[in-house]
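The opening position of the sequence shown corresponds to residue 1 in the UniProt record's numbering, with each subsequent residue numbered one higher. One structure is given here, and the rest of the page talks about it.
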Amino acid sequence: MVKVYLDPGHGGSDPGAVGNGLQEKNLTLDIAKRVRDGLLNKYENVSVRMSRTTDKAVSLGARADDANRWGADLFIAIHINSGGGTGFEDYIHPNASQKTVRYRDAFHKEFIKHVSLRNRGRKTANFQVLRDTQMPAILTENGFIDRTNDANKLKKSSFLDDLALGHIEGIAKSLNLKPKSNKNSDEKENEKDNSTFLIRVITPDLYYYNKPDWNAKVGKVQKGEVFTVVDILTVNGSKMYKLKSGNYITAYPGYVEII
1 MVKVYLDPGH GGSDPGAVGN GLQEKNLTLD IAKRVRDGLL NKYENVSVRM
51 SRTTDKAVSL GARADDANRW GADLFIAIHI NSGGGTGFED YIHPNASQKT
101 VRYRDAFHKE FIKHVSLRNR GRKTANFQVL RDTQMPAILT ENGFIDRTND
151 ANKLKKSSFL DDLALGHIEG IAKSLNLKPK SNKNSDEKEN EKDNSTFLIR
201 VITPDLYYYN KPDWNAKVGK VQKGEVFTVV DILTVNGSKM YKLKSGNYIT
251 AYPGYVEII
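Here is the structure:
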């Protein structure tokens with residue numbers, strides 16, 4: 001079992017960076033929960049532990065100690081930046097192992113495929129959670145809370161989904177995680193008849209589309225809604241379901257499940 005430790009930055013009496021009506025502690029927790037759920041829904045043989053799952057203060061030392069005691073294979077600290085810049089960057093310790101460098105490089109390359117933020121590059125810093133953890137550790141800075149353009153994105157649930165997906169796929173690439181086999185999905189994709197099946201939305205505020213084009217967003221569906229799928233397509237390398245209504249929705253298993 002591969003162990004992934006997620007560390008949503010700040011919490012409790014420590015809000016982290018603040019700006020444009022947002023608090024870092026709330027965003028990092030939201031993103032981390034989405035990452036956890038996506039990893040567990042999509043990938044095999046992975047266990048996820050979080051430094052906090054509620055709005056509480058946890059010291060930096062306690063976060064590193066908890067990950068060390070648990071025996072994590074990868075530590076991911078999730079943060080939001082401030083200081084007037086824009087974009088995404090990630091950090092490892094200056095004296096990081098070659099394994100950590102490999103993991104971070106794989107993570108970074110995969111992450112930037114999924115998120116519409118300026119790529120500020122791969123960096124190093126002597127942050128405590130990077131210094132005190134005994135496994136490969138990466139700290140991500142996901143946009144600038146005090147930059148209006150970045151903050152406007154961070155206010156959208158769909159963009160938080162994108163950030164989560166970047167983390168999920170970056171982690172999966174780093175650790176070479178194997179996707180869960182979905183027999184029903186595979187069978188449906190390979191069948192040439194007109195059989196249908198049902199899916200349920202498992203994430204809030206999920207976009208749907210009026211044609212098989214990721215830019216053709218027309219609205220959102222809510223967690224728990226059920227739809228009939230009549231076809232499976234590949235659009236720009238990603239799977240999309242055609243619904244009985246004539247609309248389209250992502251087939252990503254972190255967002256919808258076959259029932």
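Using N, Cα and C, we set each Cβ at its ideal position, and we do this for glycine too.
Range covered by the alpha helix (DSSP H) that runs through residue i
| i | result |
| --- | --- |
| Ser174 | 157 to 175 |
| Lys153 | 148 to 154 |
| Val101 | 98 to 111 |
| Asp66 | 60 to 70 |
Beta-bridge pairing of residue i - partner residues as DSSP gives them
| i | result |
| --- | --- |
| Glu141 | His79, Glu89 |
| Arg49 | Tyr5 |
| Tyr209 | Lys217, Tyr248 |
| Phe197 | Val229 |
| Arg234 | It should be noted that the sequence gives Thr, not Arg, for residue 234. In the DSSP output, where bridge partners are listed per residue, Thr234 has Lys239. |
| residue 268 | There is simply no residue 268 to check, as the chain begins at 1 and stops at 259 in what is shown. |
| Thr124 | Ile92 |
| Val256 | Val201 |
| Leu74 | Val4 |
| Pro179 | Tyr43 |
When the options are compared against residue i, the one with the closest alpha-carbon
| i | options | result |
| --- | --- | --- |
| Tyr207 | Asn95, Arg104, Lys223, Tyr43 | Lys223 |
| Lys242 | Asp213, Ile259, Glu225, Gly16 | Asp213 |
| Leu175 | Asp146, Pro136, Glu141 | Pro136 |
| Val235 | Lys244, Thr228, Ile249 | Ile249 |
| Thr86 | Arg147, Lys155, Leu233 | Arg147 |
| Val229 | Ser238, Val129, Val256 | Val256 |
| Asp105 | Asn215, Gly170, Lys239, Met240 | Gly170 |
| Leu154 | Asn126, Leu22, Ile168 | Leu22 |
| Asp205 | Ile78, Asn149, Val218, Lys211 | Val218 |
| Gly237 | Ala251, Thr140, Gly246 | Ala251 |
| Tyr43 | Pro179, Asn68, Lys99 | Pro179 |
| Pro253 | Gly11, Val35, Pro15 | Val35 |
| Lys33 | His167, Ala67, Val226 | His167 |
| Asp132 | Ala77, Arg52, Asn81 | Ala77 |
| Gly83 | Thr203, Arg52, Phe144, Leu165 | Phe144 |
| Gly9 | Lys220, Asp66, Ile80 | Ile80 |
Boundaries of the beta strand (DSSP E) in which residue i is found, first to last residue
| i | result |
| --- | --- |
| Gly219 | 217 to 221 |
Beta carbon proximity, residue i to chain B, threshold 9 Å
| i | result |
| --- | --- |
| Glu257 | No chain B is part of this structure, which consists of one protein chain only. |
Residue i CB to nearest heavy atom of the ligand SAM below 8 Å
| i | result |
| --- | --- |
| Tyr5 | Looking for the ligand SAM in the displayed structure turns up nothing, as the structure carries no ligands at all. |
Within the chosen definition, does the segment 2 to 13 reach the segment 46 to 63 through at least 3 CB pairs nearer than 8 Å? yes
What ranges does the alpha helix (DSSP H) occupy inside the segment 15 to 47, keeping only unbroken runs of at least 4 residues that lie completely in it? 24 to 42
Can you confirm whether the segment 52 to 59 touches the segment 102 to 118 when touching is taken to mean that 3 or more C-beta pairs between the two stretches lie within less than 8 Å? no
Is it a yes or a no for the segment 160 to 167 touching the segment 22 to 41, going by three-plus beta-carbon pairs under 8 Å? yes
With a threshold of 8 Å, are at least 3 pairs of Cβ atoms found where one atom belongs to the segment 71 to 80 and the other to the segment 108 to 115? no
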